[in-house]
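Following: one structure in structure tokens, then a few remarks.
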Amino acid sequence: MTTEKLIIIGKGPAGLSAGIYAGRAGIATSVIGCSPKVAGDYDIDNYFGFPETITGNELIQRGVLQAQRFKVKILEERVLGVYFAENGFEVKTEEGKYPARGIIIATGVSRIRPGIKNLDDFEGIGVSYCVSCDGFFFRDKAVMVLGNFAANQALELKQYTQDVTICTQGKPIEISLEFVTKLQEAEIEIIEKKIDHLLGEESLSGVVFDDETQLVADGLFVAMGQASASDFAFSLGLERNGVFIQADEKQQTNIPGVFAAGDCVGRFLQISVAVGEGALAARSAIKYMKAAQKKSV
Ligand code: FAD
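Here it is, written out as structure tokens:
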């Protein structure tokens, strides 16, 4: 357990920009994030100050070094959930739990598509992207979670139904030993096959694997990225706008002490905007943290 006071979730342009501002203002800050998709993925030609093309990887590396210069801790961990706790919040990762007085959510948007032929036809009628939001509607139904690190979501579904399966879409499962044990205890089967297409008339009724075998499924939860901003939003009761977090012009959410920036807020999904919103979120968070510190003196 550490005693960090401001935790920023997401190590992309928004999160690192927020970290630089918060660290520079003397706020004890950690940025927790797994490798950003922007890293190395593509060349960036339209970000201010780089007349030659810069790669995403290089931009992030520079951001990390700059944040570290201002004593920001960078933790390479996957966040599983954010919860209310005494004196603020608790951020749960695969490695541990971290207390925080303030939170900035900068988790971007998950663009991972599972490559199932007719997936779109069943969105909202069996296919969902948020266990926390829709799990409730599948009480006592057969549900499948799609993803190779979907253990947490599968376990969450167990509170609604006993019939839960994980499908890794042909990839090897990537979960810790702790979760392997938990899944075994919960009797959740892992299928390492690929779903080819979905079955159903008015709503989803089953899946067909690429070896032509079938399995009954009333619900299919796509969890192919990581726990998303909307999962965190749901557990904290944050206002949302579709899959995006609702934030005002100061990047404040409806929960005091929780701020959001970048693609997860869903304005103009560009690096320059993410960096700007990160700065605004940090400014609001710094004000909040300083007021909280004064109160506790
Ligand atoms: P992201 O960059 O998505 O960063 C989010 C971070 O949060 C990542 O580190 C992610 O791993 C982490 N994260 C998410 N969930 C968790 C979790 N549960 N636990 C821990 N960490 C988590 N923009 C431009 O300006 N110029 C371009 O040329 C350009 N080209 C693009 C090309 C492509 C193919 C794509 C997909 C996007 C492009 N964009 C471009 C958009 C740009 O990448 C985004 O607008 C920008 O990266 C948003 O920054 P962000 O910090 O909000 O989110």
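Numbered by my numbering, the letters in the sequence shown go through residues 338 to 634 in order. Glycine is no exception: its CB is placed at the ideal position from the N, C-alpha and C atoms. Keep in mind that this is a model prediction, so the values were computed, not measured.
Residue i Cβ short of 6 angstroms to the ligand FAD heavy atom set
{"i": "Ile582", "result": "no"}
{"i": "Ile442", "result": "no"}
{"i": "Pro313", "result": "One cannot answer for residue 313 here, as it falls past the ends of the chain, which runs 338 to 634."}
{"i": "Gln630", "result": "no"}
{"i": "Ala611", "result": "yes"}
{"i": "Gly386", "result": "no"}
Buried versus exposed call for residue i [16 or more other C-beta atoms within 10 Å across all chains shown]
{"i": "Ser633", "result": "exposed"}
{"i": "Gln506", "result": "buried"}
{"i": "Arg438", "result": "buried"}
{"i": "Gln588", "result": "buried"}
{"i": "Thr366", "result": "buried"}
{"i": "Ser621", "result": "buried"}
{"i": "Ile623", "result": "buried"}
{"i": "Asp547", "result": "exposed"}
{"i": "Lys631", "result": "exposed"}
{"i": "Lys342", "result": "buried"}
{"i": "Glu524", "result": "exposed"}
{"i": "Glu460", "result": "exposed"}
Reference residue i; option with closest CA among the options
{"i": "Gly472", "options": "Ile344, Lys495, Gln403 and Gly615", "result": "Lys495"}
{"i": "Glu515", "options": "Phe407, Gly615, Glu431 and Asn424", "result": "Glu431"}
{"i": "Gln521", "options": "Ala359, Ala628, Gln499 and Cys601", "result": "Gln499"}
{"i": "Thr550", "options": "Asp533, Val559 and Gly537", "result": "Asp533"}
{"i": "Asp380", "options": "Gly386, Ala611 and Ile391", "result": "Ile391"}
{"i": "Gly370", "options": "Phe571, Val416 and Phe546", "result": "Val416"}
{"i": "Leu573", "options": "Cys601, Val559, Phe475 and Thr590", "result": "Thr590"}
{"i": "Glu511", "options": "Lys429, Ala487 and Gly356", "result": "Ala487"}
{"i": "Phe569", "options": "Gly356, Phe387, Leu353 and Gln490", "result": "Gln490"}
{"i": "Glu414", "options": "Asp457, Ile345 and Val464", "result": "Ile345"}
Rounded straight-line distance, which links the Cα of residue j to that of residue i
{"i": "Ala619", "j": "Ala584", "result": "13 angstroms"}
{"i": "Ser542", "j": "Glu586", "result": "43 angstroms"}
{"i": "Lys508", "j": "Lys531", "result": "8 angstroms"}
{"i": "Arg604", "j": "Pro350", "result": "15 angstroms"}
{"i": "Thr502", "j": "Ile608", "result": "37 angstroms"}
{"i": "Gly452", "j": "Ala629", "result": "47 angstroms"}
{"i": "Asn455", "j": "Leu552", "result": "16 angstroms"}
{"i": "Leu535", "j": "Tyr358", "result": "47 angstroms"}
{"i": "Ile411", "j": "Val401", "result": "8 angstroms"}
{"i": "Lys519", "j": "Asn383", "result": "46 angstroms"}
{"i": "Ile527", "j": "Glu614", "result": "40 angstroms"}
{"i": "Gly347", "j": "Leu353", "result": "8 angstroms"}
Close-in-space but distant-in-sequence residues of the same chain around residue i (CB under 8 angstroms, 5 per side omitted)
{"i": "Glu427", "result": "Val419, Tyr420, Phe421, Lys434, Tyr435, Pro436 and Ala437"}
Contacting residues, own chain, Cβ-Cβ under 6 angstroms from residue i (five flanking each side not counted)
{"i": "Met481", "result": "Thr502, Cys504, Ala554 and Leu557"}
{"i": "Gly484", "result": "Ala560 and Met561"}
Cβ shell of residue i (< 7 angstroms), same chain only, five flanking positions each side left out
{"i": "Cys601", "result": "Ile442, Ala443, Thr444, Gly445, Val446, Ala566, Phe581 and Ile582"}
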